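This report concerns only the one structure given below.
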Amino acid sequence: MDYKLLDEHLEFIQPYLIKWFREYNILMLEADYKIYKYEVLDEFINNPRTLICQGYINSIKNAFKEMIKSYYYSVSANLIEKELLKEGQEWSGYWKYEIKNYYCRNLIPQFFSILDYIAVMINELSKQQLITKIYLVNFKKIKYELSKYIKNDYLGWLTNNDIRKINTLIQYAYLNITDEEKEVLKPYRNKAIHRYLIGIDEILVNTHRKELTNKDKKMFQVNQGHKYSVKFKPEYNFNQLIIIIEKLINNLDLMISELMRLDIMKEVIKVKEPTS
Numbered sequence: 022m023d024y025k026l027l028d029e030h031l032e033f034i035q036p037y038l039i040k041w042f043r044e045y046n047i048l049m050l051e052a053d054y055k056i057y058k059y060e061v062l063d064e065f066i067n068n069p070r071t072l073i074c075q076g077y078i079n080s081i082k083n084a085f086k087e088m089i090k091s092y093y094y095s096v097s098a099n100l101i102e103k104e105l106l107k108e109g110q111e112w113s114g115y116w117k118y119e120i121k122n123y124y125c126r127n128l129i130p131q132f133f134s135i136l137d138y139i140a141v142m143i144n145e146l147s148k149q150q151l152i153t154k155i156y157l158v159n160f161k162k163i164k165y166e167l168s169k170y171i172k173n174d175y176l177g178w179l180t181n182n183d184i185r186k187i188n189t190l191i192q193y194a195y196l197n198i199t200d201e202e203k204e205v206l207k208p209y210r211n212k213a214i215h216r217y218l219i220g221i222d223e224i225l226v227n228t229h230r231k232e233l234t235n236k237d238k239k240m241f242q243v244n245q246g247h248k249y250s251v252k253f254k255p256e257y258n259f260n261q262l263i264i265i266i267e268k269l270i271n272n273l274d275l276m277i278s279e280l281m282r283l284d285i286m287k288e289v290i291k292v293k294e295p296t297s
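Quick note, the working numbering runs 21 ahead of the 1-based positions in the sequence shown.
Laid out in structure tokens, this is it:
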């Protein structure tokens, strides 16, 4: 281990680390998300309904705050990368691949996870009347099942007013997301969670398998059920992803803040006093 070289590198990079952290904090301080207007009360109230509301909404809020942090770490690293690139510094690659992409890569999977957290909370508040087995609960299924109960007076602990509000707010998940952007989201999530580490502005996995249709088999005169192709450009680029991610964050902010305004949340949510 060359500690002298390490010290030299740290000496060079330290001002940029400080600037990166400063830019991140500025972005965090200037953020004006709706959820910041509310706080989850931490008083222990001994009834299942209130404890479920308290625990799940607190978990959802904190998961969303972690997503915001990762987003701003990535965005501020992008600023440092551009500055170093303009200066012709080779360290720009470090900020691009090791920091910016590191924080950006998991933002879309985080979005889908938070949607599922919301789904689980809704199902628990329905007293599992929507879906009886927790391992079957996900956002898409809850959205479908809940639509059947729009006229119910009650669903578990949920009043008709809450049912209608939830049916409205869950529609916000893909608000302002174009069809083209939707085509990016699900494949990205599936690859990132189940298949391989996603390359952003770089190629990590360039071989892809495609299942052949019967028409394809006749055309290519083959019996095998698939073919392989090689890609020579990255699947995703940062500028494309970050636009989509910003929309997703705004949509989650709207959804979660509306969840906090439900009748059932009144005992566990407090509106913060405005600071002067």
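Each residue gets a CB set at the ideal place from its N, CA and C atoms; glycine is no exception.
Model, not experiment: these values are computed from the prediction.
Residue i in three-state terms, based on DSSP
i: K291; result: strand
i: E60; result: strand
i: I66; result: coil
i: I47; result: helix
i: I221; result: strand
i: K161; result: helix
i: N127; result: coil
i: D137; result: helix
i: W116; result: helix
i: E204; result: helix
i: V96; result: helix
i: K25; result: helix
i: Y156; result: helix
i: Q110; result: coil
i: D53; result: coil
i: K169; result: helix
i: K82; result: helix
i: K40; result: helix
i: K90; result: helix
i: K254; result: coil
Residue i - partner residues in DSSP beta bridges
i: Y175; result: T180
Boundaries of the alpha helix (DSSP H) in which residue i is found, first to last residue
i: E279; result: F259 to M281
i: Q150; result: No alpha helix (DSSP H) contains Q150, which DSSP labels as neither H nor E.
i: N196; result: Strictly speaking, residue 196 in this sequence is Leu, with Asn absent from that position. No alpha helix (DSSP H) holds L196; DSSP gives it neither H nor E.
Residue i: CB within 6 Å of a non-hydrogen atom of the ligand COA
i: K82; result: Looking for the ligand COA in the displayed structure turns up nothing, as the structure carries no ligands at all.
Nearest neighbour of residue i, chosen from the options [CA to CA]
i: Y45; options: T71, L26 and S97; result: S97
i: Q131; options: K90, K162, K40 and N144; result: K90
i: L206; options: R126, E223 and L176; result: R126
i: I135; options: L262, D63 and I191; result: I191
i: F85; options: Q261, Y195 and I139; result: I139
i: Y165; options: N144, C74, W178 and N99; result: N144
i: D53; options: I270, L283 and D284; result: I270
i: L151; options: L176, K172, D137 and L128; result: L176
i: Y115; options: I101, V226 and K107; result: I101
i: K148; options: W178, L27, E119 and K58; result: W178
i: K103; options: S113, K169 and Y94; result: S113
i: G76; options: V141, I155, T180 and I263; result: V141
i: N260; options: Y92, M49 and F33; result: Y92
i: K40; options: E64, G109 and L105; result: L105
i: P69; options: P208, V289 and K293; result: V289
i: I47; options: I66, K82 and Y94; result: Y94
i: D137; options: E201, I78, M49 and L262; result: I78
i: L262; options: D28, L167 and N99; result: N99
i: T71; options: E201, K25, L146 and E294; result: L146
i: M281; options: K58, E64 and L27; result: K58
i: I266; options: F133, R216, H215 and L157; result: F133
i: Y193; options: K161, Q110, N83 and H215; result: K161
i: Y37; options: P295, Q110 and Y123; result: Q110
Whole-number beta carbon distance between residue j and residue i, since they are thought to touch under 8 Å
i: I221; j: K212; result: Not confirmed; about 12 Å, so no contact.
i: I198; j: K268; result: 6 Å
i: E60; j: K291; result: 5 Å
i: I171; j: N159; result: Contact doesn't hold; Cβ gap of about 20 Å is too wide.
i: L283; j: K186; result: 6 Å
i: I163; j: N173; result: Not a contact, Cβ separation roughly 15 Å.
i: S278; j: I56; result: 5 Å
i: E223; j: P255; result: 6 Å
i: L196; j: N272; result: 5 Å
i: M88; j: L128; result: 6 Å
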